[in-house]
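Number of protein chains: 2
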Amino acid sequence: MARTRHVIAVDVGGTETKAALVTGTPTGVRPVTQRRRPTRPTGDAVVEDVTALVDELRASADHPVDAVGLVVPGIVDEAAGVGVYSANLGWRDHPFRKEVEAATGLPTAFGHDVRAGGLAELRQGNARGLANAVIVPIGTGIAAALVLDGRVSSAPGEVGHVDVGHGDPCGCGQTGCVEARASSAAIARRYTKRTNRQVNGAAEVARLLASGDTDAADVWREAVDALARGILLVAALLGPEAVVLGGGLALAGPLLTDPLGARLDELTTFQRRPELRLAALGDEAGCLGAALLAIDMLEER
Amino acid sequence: MARTRHVIAVDVGGTETKAALVTGTPTGVRPVTQRRRPTRPTGDAVVEDVTALVDELRASADHPVDAVGLVVPGIVDEAAGVGVYSANLGWRDHPFRKEVEAATGLPTAFGHDVRAGGLAELRQGNARGLANAVIVPIGTGIAAALVLDGRVSSAPGEVGHVDVGHGDPCGCGQTGCVEARASSAAIARRYTKRTNRQVNGAAEVARLLASGDTDAADVWREAVDALARGILLVAALLGPEAVVLGGGLALAGPLLTDPLGARLDELTTFQRRPELRLAALGDEAGCLGAALLAIDMLEER
């Protein structure tokens, strides 16, 4: 039986940083106290803000804190503890783990936000018990954590940037990317482009769809098709038992999973058609995953 | 230091079955005596022939034989020891491991031919030392073994059947598959269709290409483009350090890797552009991998 640990988890997002005092074991954690603040760009500012959040939460704790778990977006080298690249937040090869350990005096686990969120869904969310799964948060962008043979892989999992043949340009420099049609941002943008009507994100397009708006239906159908084709590629290569959909778009629930499942049924030939599930942990997944990384690190010592 | 083991390895191919008495450790093996015979379809016939090969090689051995390693094509459940499905060889849910253990009295490791070949390239071939790699044998079909975080994944790795957008139908029921343009069989078939001239496989198309035949150049270019697009999808999802090309088509050497590398350079945007390598172990890879599976099984006991 693993010991109960007390750690501070920090999930640095593109716009907001979430931090929590978390208690638990490798099989499950729960937040005790939470803090949120806007993310300031540059690696130095992030280390400063993370340190301040750790100090604040540590002061509020009833128990001694055992470790820090920190996750960031972009390209991450987990083993080295380095944030390799983030275009949005403006760092390149920033040694986050070393700097946070020095500033807080606490052992620090370091990881990638999406992969950490996938770890949390695997241990205590809707991927629990699966040996092979793909956890796909869909928001401004589309990313994925790949669970292979029971473990979260360090693979990039850029399912948002595979070419599914629709030909539209993507910010990444390719054409045909899943993200260019199926991200929340793309759905809202494409609806506005088509109708000249501003919408409050993909959630409003979903509401318009439900109310019978045919433009919304077209944009949604094209998003679902792109997503289905991306999932099909993943199914051919990795054969997941389930695809766990998360992020803002997954709040659409059956409005997303019903047509997506139907499109997958149409497109599947030899592949194992993965079950579709909705993520359980919402926007807390990254923070809980950061805590699990910290607890795993302590267990391994 | 691991003990030297003596095992019998059998690689059941679509047309030919290769068997060998093999000696070595988990880090490297070598064949001592080899046998080949045509593969007879049905699971029962395969078990009969595997048993006969094991008996024959065992009788020829100077040492007691410690175990059998058996690998087969199709859909394989390694953990259960079951050949789930092979259309060509006519089995469904055949319990190979149990039957070969009963017939030979030897502990038997059971695996998938392509993944076993990948394991051999990883341990003692041209993927040695890589944490993330994809080993792609290209012959009648195109398959892949995925090395992730230093281990051969149990994932299906069907890189031959991802849709790269060319629109041609594939035997699998999809359109646009890499295999429909880039397998050795597809290259020969497409050249013949275009010119009405019979060729002796993709090797002859390669020779025609080298001699300036423009039809061969077109067919080859389309094959290279499909393969590059397939590799790019794998790069986005899995980020391999290297792609190790094997099978008959890899015998074309730089005639394949030079244009493929150039096309990858053109298509790559955000992905890590994997190094291209040629496989080291030729058509022995599956058999050596089967031996490694047997030795790993003995080590784990």
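So the sequence lines, in the order shown, correspond to chains A and B. Just so you know, we're using this note's numbering here: the first sequence kicks off at 1 and counts up by one. Just so you know, we're using this note's numbering here: the second sequence kicks off at 1001 and counts up by one. All residues carry an ideal CB built from backbone N, CA and C; glycine is no exception. Predicted, not measured: the structure shown is a model, and the values here were computed from it.
Between B/E1241 and B/A1120, which are expected to be in contact by the criterion C-beta below 8 Å, what is the C-beta distance as a whole number of angstroms? The distance from the Cβ of B/E1241 to that of B/A1120 is about 18 Å, inconsistent with a contact at the 8 Å cut-off.
Residue ranges of each beta strand (DSSP E) run of no fewer than 3 residues wholly in the region 50–137 of chain A, ordered along the chain? With a minimum length of 3 residues, the continuous beta strand (DSSP E) runs that stay inside the region 50–137 of chain A are 67–72, 75–77, 82–86, 91–94, 108–112 and 133–137.
What does a CB cutoff of less than 6 Å around B/G1111 pick up in its chain, not counting 5 residues either side in sequence? In chain order, V1071, E1078 and L1293 place their CB closer than 6 Å to the CB of B/G1111, counting only its own chain and leaving out the 5 sequence neighbours on each side.
Span of the alpha helix (DSSP H) around A/D218: Looking at the DSSP string, the run of the alpha helix (DSSP H) that includes A/D218 is T214 to L238.
For A/Q34, which beta-bridge partners are listed by DSSP? In DSSP, A/Q34 forms a bridge with A/A20.
Would you mind working out which of A/P41, A/V114 and A/V50 sits nearest A/I75, comparing C-alpha positions? Checking every option, the nearest Cα to that of A/I75 belongs to A/V114.
Counting only Cβ pairs nearer than 9 Å, list the residues of chain A close to B/V1159. Result: A236 and L237.
Can you list the residues of chain B that A/V233 reaches, using a CB-CB cut of under 8 Å? Reading off the sequence, residue 233 of chain A comes out as Leu, not Val. A/L233 reaches chain B at V1162, D1163, L1233 and L1237, counting residues in chain order whose Cβ is nearer than 8 Å.
Check each residue of the region 127–155 of chain A: if its Cβ is closer than 9 Å to any Cβ of chain B, include it; give the result in chain order. Within the region 127–155 of chain A, the residues whose Cβ lies closer than 9 Å to some Cβ of chain B are A131, N132, A144, L146, L148, D149, R151, S153, S154 and A155, listed in chain order.
Would you please verify whether the beta carbon of B/F1110 is less than 8 Å from any beta carbon of chain A? The beta-carbon of B/F1110 is placed no less than 8 Å from the nearest beta-carbon of chain A.
Could you give the DSSP three-state label for A/C287: helix, strand or coil? Helix.
Would you list the one or two residues that DSSP bridges to A/I142? Answer is A/I138.
Along chain B, which residues have their Cβ under 9 Å away from the Cβ of A/Q198? Neighbours of A/Q198 on chain B: none; closest Cβ ~30 Å, over 9 Å.
Compare the C-beta of A/G173 with all C-beta atoms of chain B and state if any pair is closer than 8 Å. Closer than 8 Å: yes.
Specify the secondary structure class of B/P1169 as computed by DSSP and reduced to three states. B/P1169: strand per DSSP, three-state reduction.
In the DSSP assignment, find the beta strand (DSSP E) that holds B/D1011 and state where it starts and stops. Here the beta strand (DSSP E) through B/D1011 covers R1005 to V1012.
Output, in chain order, the set of chain A residues within a Cβ distance shorter than 9 Å of B/T1269. H161, C170, C172, G173 and Q174, listed in chain order.
Span of the alpha helix (DSSP H), counted from its first residue to its last, around A/A252: Note, A/A252: premise wrong, no alpha helix (DSSP H); not H, not E.
For the pair the region 1063–1070 of chain B and the region 1093–1103 of chain B, tell me if three or more CB-CB distances fall below 8 Å. Three or more pairs of CB atoms, one per stretch, sit closer than 8 Å, so the region 1063–1070 of chain B contacts the region 1093–1103 of chain B.
Contact check, B/A1188 vs B/A1210, beta carbons under 8 Å: Their beta carbons are not under 8 Å apart, which means B/A1188 does not touch B/A1210 by this criterion.
From what residue to what residue does the alpha helix (DSSP H) around A/A155 run? Boundaries for A/A155: no alpha helix (DSSP H) harbours it, and the DSSP string shows neither H nor E there.
Please say whether A/Q174 and A/L232 have beta carbons closer to each other than 8 Å? Contact annotation: A/L232 and A/Q174 have beta-carbon atoms that are not nearer than 8 Å.
Cβ pair B/T1039, B/L1089 closer than 8 Å: It is a contact, given that the beta carbons lie within the stated cut-off.
By a C-beta neighbour count over all protein chains shown, 10 Å radius and 16 as the cutoff for buried, is B/D1258 buried or exposed? It counts as exposed.
Rounded to whole angstroms, what is the Cα-Cα separation between B/G1117 and A/G289? Straight through space, the alpha carbons of A/G289 and B/G1117 are spaced by roughly 35 Å.
Do A/E16 and A/R36 have their C-beta atoms closer together than 8 Å? If you check the CB distance, A/E16 and A/R36 come in under 8 Å.
Identify which residue in A/P31, A/T104 and A/V162 has its Cα closest to the Cα of A/H6. Closest option to A/H6, Cα to Cα, is A/P31.
Take the Cβ of A/H161 as the centre, count every other Cβ of all protein chains shown within 10 Å, and call the residue buried at 16 or more, exposed below. Classification for A/H161: buried.
Rounded to a whole number of angstroms, what is the C-alpha to C-alpha distance between B/P1095 and B/E1204? Taking the straight line joining both Cα atoms gives about 40 Å.
Counterpart residues of A/E275 in DSSP-defined beta bridges: The bridge partners DSSP lists for A/E275 are A/A242.
Between the CA atoms of B/V1244 and A/V47 - distance to the nearest angstrom: Whole-angstrom Cα-Cα distance: 40 Å.
Under the DSSP definition of a beta bridge, which residues are partnered with A/G28? Answer by DSSP bridge pairing, in chain order: A/T25.
Mind the definition here: the region 139–156 of chain A touches the region 1138–1145 of chain B only if three or more C-beta pairs lie below 8 Å; say whether that holds. Three or more Cβ pairs closer than 8 Å define a contact, and the region 139–156 of chain A falls short of that threshold against the region 1138–1145 of chain B.
Contact under 8 Å by Cβ, B/P1219 with B/R1197: In the sequence as presented, Pro is not what sits at residue 1219 of chain B; that position holds Val. No, the Cβ-Cβ distance between B/V1219 and B/R1197 is not below 8 Å.
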